[in-house]
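Position one of the sequence shown corresponds to residue 0 (numbering that gives the first Met the number 0), numbered consecutively onward.
We put the CB at the ideal spot given by N, CA and C, even for glycine.
Comments concern the structure below.
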Amino acid sequence: MQFMLSIFNSAVSKVLLGLAIILIAGFQYLFWFGEGGYHDHQKLAQKIQQQTATNTELKERNRVLAAEVYDLKNGIEAIEEHARLDLGLIKPRETFVQMSTIGTHYKPIYIDPNAKVDLRTNEDATGASTANAP
């Protein structure tokens, strides 16, 4: 027992103990704050989680677009729906109503679905122009 106490009382053992403590503290610093350490790992895990969420949203968008492309290639109903919603196509004897949440100062235009007017030339069946008609 006396021998053990004398070993820890020597100067060499105190220097070795100090070096061991410094070495352990250095490794702990590198683990927590160094490049590729714990904090970098947490930031990377968060970025991966965000990218996974973004990828999930994009996969859903791609699935919807693929279904729309399939419908446009294989179905007449999808083409008609696209023409109606995006291009404003209306059929003869059909009233087109467009609602908007934007307030405007313009006077709305009402088209009589029973009128015999060619909307492309803006002329009635007799050939008279209806541009100034109320």
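Check	Outcome
Reduced DSSP category for alanine 19 - H, G, I as helix; E, B as strand; rest coil	helix
Start-to-end residues for the alpha helix (DSSP H) that takes in glutamate 142	Residue 142 cannot be examined here, being either before or after the span of the chain that is shown, 0 to 133.
Whether leucine 71 touches isoleucine 78 by CB criterion (9 Å)	yes
N- and C-terminal bounds of the alpha helix (DSSP H) containing asparagine 8	Note, asparagine 8: premise wrong, no alpha helix (DSSP H); not H, not E.
Beta carbon of histidine 40 nearer than 9 Å to that of phenylalanine 32	no
Alpha-carbon spacing of proline 133 relative to glycine 74, whole angstroms	Reliability fails at proline 133, whose pLDDT of 48 lies under 50, so the model's placement of it is uncertain and the value that follows must be treated cautiously. Each residue's alpha carbon lies about 41 Å from the other.
8 Å CB neighbourhood of glutamine 49 in its chain, flanking five on each side removed	none
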